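Everything on this sheet refers to the single structure shown next.
2 protein chains.
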Amino acid sequence: MKIAKFGGTSMASAEQIKKAFEIVISDPARRLVVVSAPGKRYDNDIKVTDLLIRCAEKCLSDGEAKDELNAVVSRYAEIARDFNLSGDIVQVIEADLRKRVSSDKTDRAKFMDLLKAAGEDNCAKLAAECLRSMGVKAHYVNPGDAGLFLSDEFGNARVLPQSYNNLKASLNMDGIMIFPGFFGYSATGEVVTFPRGGSDITGSILAAAVDAEMYENFTDVDSVFSANPNIIPSPKPISILTYREMRELSYAGFSVLHEETLEPVYHKGIPVCIKNTNNPSAPGTMIVSERENKNGPVVGIAGDKGFCSIYLSKYMMNREIGFGRKMLQILEDEGIAYEHIPSGIDNVSVVIRERQLGGETEERVINRIKSELKVDDIFVVRKLAMVMMVGEGMKNTIGIAARAGAALARAGVNLEMINQGSSEVSMMFGVKEEKVNEAVKALYNEFF
Amino acid sequence: MKIAKFGGTSMASAEQIKKAFEIVISDPARRLVVVSAPGKRYDNDIKVTDLLIRCAEKCLSDGEAKDELNAVVSRYAEIARDFNLSGDIVQVIEADLRKRVSSDKTDRAKFMDLLKAAGEDNCAKLAAECLRSMGVKAHYVNPGDAGLFLSDEFGNARVLPQSYNNLKASLNMDGIMIFPGFFGYSATGEVVTFPRGGSDITGSILAAAVDAEMYENFTDVDSVFSANPNIIPSPKPISILTYREMRELSYAGFSVLHEETLEPVYHKGIPVCIKNTNNPSAPGTMIVSERENKNGPVVGIAGDKGFCSIYLSKYMMNREIGFGRKMLQILEDEGIAYEHIPSGIDNVSVVIRERQLGGETEERVINRIKSELKVDDIFVVRKLAMVMMVGEGMKNTIGIAARAGAALARAGVNLEMINQGSSEVSMMFGVKEEKVNEAVKALYNEFF
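If you read the sequences in order, they're chains F and S.
Going by full-length UniProt numbering, 83 is the number at position 83 of the first sequence; the sequence numbering is gapless.
Going by full-length UniProt numbering, 160 is the number at position 160 of the second sequence; the sequence numbering is gapless.
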């Protein structure tokens, strides 16, 4: 079985949905389809998920949101009309939305998740009707009925381990199953969502649960590119890369796949294929466990802003057993995840996402480090960007760091930080935020 | 007041001691002298400290060590004879040694420290006699009487904070005070020693205690060199460097000063001068808080062998708050100090001194990491060397990493690891042990 996941632009209109289902029908292995909520039809359009967020916010402030609700319904109604469906399915969707809107609002996060999930859920119901209207046997599958249970972290849920067996047992219907992405149910029966973009995660979980032969992720680009096309005009497409490479690139700003997407398929070694709904004959990008290295040591270069680093120095730090552990304990107590810890002998920098270090948190962290670790010096360096050069082939190539460093120096980019672990699947350069595009350009021109 | 510390070669013979004291007498500010035990007189000679260790080991195995004891006594007797001193001082020294040898042997470490400390202690007594014979007022100072109290870690003691006030109050005698290096007393009155080479530490503690204007460290080289003369023929001498630079170079294999030496003087900003007893007119090397940067970005290049790294990988490691802290806790529980933690997104390497990771310890650490952190992969990379490029000027110079990387690549040295913190007082390259000399040569030729 193959899992085919279609993103918001593939569900945006009847025309797009037809393209998607022609792709599904063309391969009998494509029996389980995951759908996002309808996305943008044109540049300034508003995604259904964003309409639902507006609707939820209006309800929470004013108690009702007639116009906002109608805007959502009309998106589904337009698709139903263009597919020449009867009005019944639109009534079902409208009734579902009205029920959600009138539900309990005491827990804002819970209410928000219930509304946000409506986009995918109703899109799946509608899509099943559309497919049936094309003469294909199709079922809408409710994630709760299928047993997709998540942790009760609204807006940031994680899959619970029992879901895999539940899904394996239930996803065995005849015909094509249409599964809504992005949400599942908590143990107490509440609707909970993954982080934004989480329909990719749903597809990956289903692929792992049914031991799929492939997880196909249909989006609106022909492939993953070796650099951001907004920085590098016509960057080289990537035909194949490993999970580890994709993961590092996603982390550092490649937005093709949500960062957490690959975990379920990675553990099962299920290949992922990224393809374009609008150009299905393009080969796309394959993501696999291992690949032959034929096209140079580097597969991709990514840059991401919004980092800062806490610099600490203390004489004889490296002789003080427990120093690093105590420092990380302070961050953990504040719920702060760190990214990297480059170090000298008597100094260390902790690189973290800047959004994690706000006013009071920052003050508490700095004060605790000062008083508990008795450092000689501490300060925060702001507005850093991380540039990540990724490629499995780097570890066997002498002189990569030199070429990268020379290219950056020629472009006048000073290196605030270099971090290369013993894996060498990636090399990280810390630069000032305003230099990040120059840095990506310099490295791209050197290695591609 | 200046503190003048003389190393073992400066105390090896009457001729050397005369040179040392001529230096002392030539500057009236040199009122506090720290001495090591007599060192080698010629290449294949045995240092008194090593004779004492043999003596202690023989006593512990056989209950007595006549020949070994006589070998120690004869070193002092030779110096006394060449200074034309009466036999009294030799009898005092011999009686002291006999008393130590016949003391309680149930605690081996305690007995060993008592014997090792005899080298410096008796050298100080003898040196005071020598100085008096030159017509100069001189006192032997016993570290216990002067209040130098240390933690009761035999062979690896640290100074206790109250020592500084004790020493300040007691080190005010007329004339020249001769203080034995390397040892002090525990709170319960036992003799305890610093790590080997710890006479440098004694000098630094005394300098901080009396707020000395300078700490002069007399050894047998004209200066600190920018690289190891056994690797680079006639390396450039360093005229001035900062505490931080010296500390990083000592750490990475520069053996001129014991690694812990600078801590007490660093906190007080007392300048250190490294000079040659055999060539006192050479300017030597000054170690200070801050220096002007006139001679290029790099002051020194050091390479040190004997490292290994534990490589861990786990999918989504960077999202797991507490992962790093738990990993460091496991090392801390085993008393292992780590050196660096370079990291990718989902992998991290912990670089440690190889001697810390023996058979059973290694097995326990690896098993705990596997079971408690549930990593996907873990292995140990052995026989690594760290090459450290040090210089305060590096942080303001674009392209240092590139030049270093290019030089290493041209020399065929593959980089296992790069670690550059935000301080940039140093840049660290991990290479295979067999490549360390090539790496130092390549960097020296590039930057000097």
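We treat Cβ as the ideally placed atom computed from N, Cα and C, and that holds for glycine.
For clarity, every value in this text was computed on a predicted model and none was experimentally measured.
Check	Outcome
Nearest to D222/F by CA position, among V101/F, A80/F, D211/F, I240/F, is which residue?	I240/F
Give me the residue from G198/F, S103/F, S10/F, M428/F with the minimum Cα distance to F183/F.	G198/F
Express the C-alpha separation of L160/S and H258/S in angstroms, rounding to a whole number.	19 Å
Here's the rule I'm using: 16 or more other beta-carbon atoms within 10 Å means buried, otherwise exposed. How should D121/S be labelled?	buried
Tell me which same chain residues have a C-beta within less than 6 Å of the C-beta of T9/S, skipping the five on either side of it?	G39, D220
In angstroms, rounded to a whole number, what distance separates the CA positions of S309/F and A337/F?	12 Å
In chain order, what residues of the same chain have a beta carbon less than 8 Å from the beta carbon of N228/S, not counting five sequence neighbours either side?	P235, G253, F254, A302, G303, V440
Could you confirm whether any beta carbon from chain F is found closer than 7 Å to the beta carbon of S343/S?	yes
Tell me the residue span of the beta strand (DSSP E) that contains L312/S.	300-313
Could you round the C-beta distance between K305/S and E438/S to whole angstroms and report it? I think they count as a contact, below 8 Å.	Incorrect: roughly 13 Å between the Cβ atoms, too far for contact.
On the CB-based measure, 16 or more other CB atoms within 10 Å of its CB, does Y42/F come out buried or exposed?	exposed
Determine the direct distance from the alpha carbon of E339/S to that of V387/S, and round the result to whole angstroms.	13 Å
Is any beta-carbon of chain F found at less than 7 Å from that of A409/S?	yes
By the DSSP assignment, the alpha helix (DSSP H) with Q16/F in it spans what residues?	14-25
What are the boundary residues of the alpha helix (DSSP H) that H267/S is part of?	263-268
What in chain F is Cβ-close to N414/S, meaning under 8 Å?	I398
So M427/S is in the beta strand (DSSP E); what residue range does that whole segment cover?	426-432
Taking only beta-carbon positions, decide if G324/S is within less than 7 Å of chain F.	yes
Sorted by chain position, which residues of the same chain lie with C-beta nearer than 7 Å to residue 460/F's C-beta, five sequence neighbours on each side aside?	With chain F covering only 1 through 448, there is no way to say anything about residue 460/F.
To the nearest angstrom, how far is the alpha carbon of E372/S from that of M417/F?	31 Å
So who's on the other strand from L32/F, going by DSSP bridges?	I3/F, M177/F
Listed from N- to C-terminal order along the chain, which residues in the stretch 72-95 of chain F have their beta-carbon within a distance smaller than 8 Å of any beta-carbon of chain S?	none
R98/S to T106/S, Cα distance in whole Å?	17 Å
Identify the contact partners of Q356/S in chain F, using a Cβ-Cβ distance below 8 Å as the criterion.	Going along chain F, no residue has its Cβ under 8 Å from Q356/S, so there is no contact; the nearest lies around 11 Å.
In the DSSP assignment, find the unbroken alpha helix (DSSP H) run with L60/S in it and report its ends.	48-62
Counting only beta-carbon atoms, is Q16/F nearer than 7 Å to chain S?	no
So what does DSSP say about K383/S, is it helix, strand or coil?	strand
What does DSSP give as the partner residues of A287/F in its beta bridges?	Looking at the sequence itself, residue 287/F is Ile, so the reference to Ala does not match. Beta-bridge pairing links I287/F to L241/F, V272/F.
Using a cut-off of 8 Å between C-beta atoms, extract the partners of Q420/S located in chain F.	P342, L415, M417, I418, N419
By how many angstroms is the C-alpha of P195/F removed from the C-alpha of A157/F?	7 Å
Pop quiz: K125/S and I89/S are said to be a contact at Cβ under 8 Å. What is the actual Cβ separation, rounded to whole angstroms?	7 Å
Using the rule of at least 16 other Cβ atoms within 10 Å of the residue's Cβ for burial, across every protein chain shown, is T242/S buried or exposed?	buried
If you count every other CB in all the chains shown that lies within 10 Å of the CB of D333/F, and 16 or more means buried, which is it?	exposed
Give a yes or no on whether the minimum CB-CB distance between M316/F and chain S is below 7 Å.	yes
Please return the same chain residues whose Cβ sits closer than 8 Å to the Cβ of K374/F, not counting the five positions on each side in sequence.	K314
Going along chain F, which residues have a C-beta under 7 Å from R353/S?	What R353/S touches in chain F: nothing, since even the nearest Cβ is about 10 Å away.
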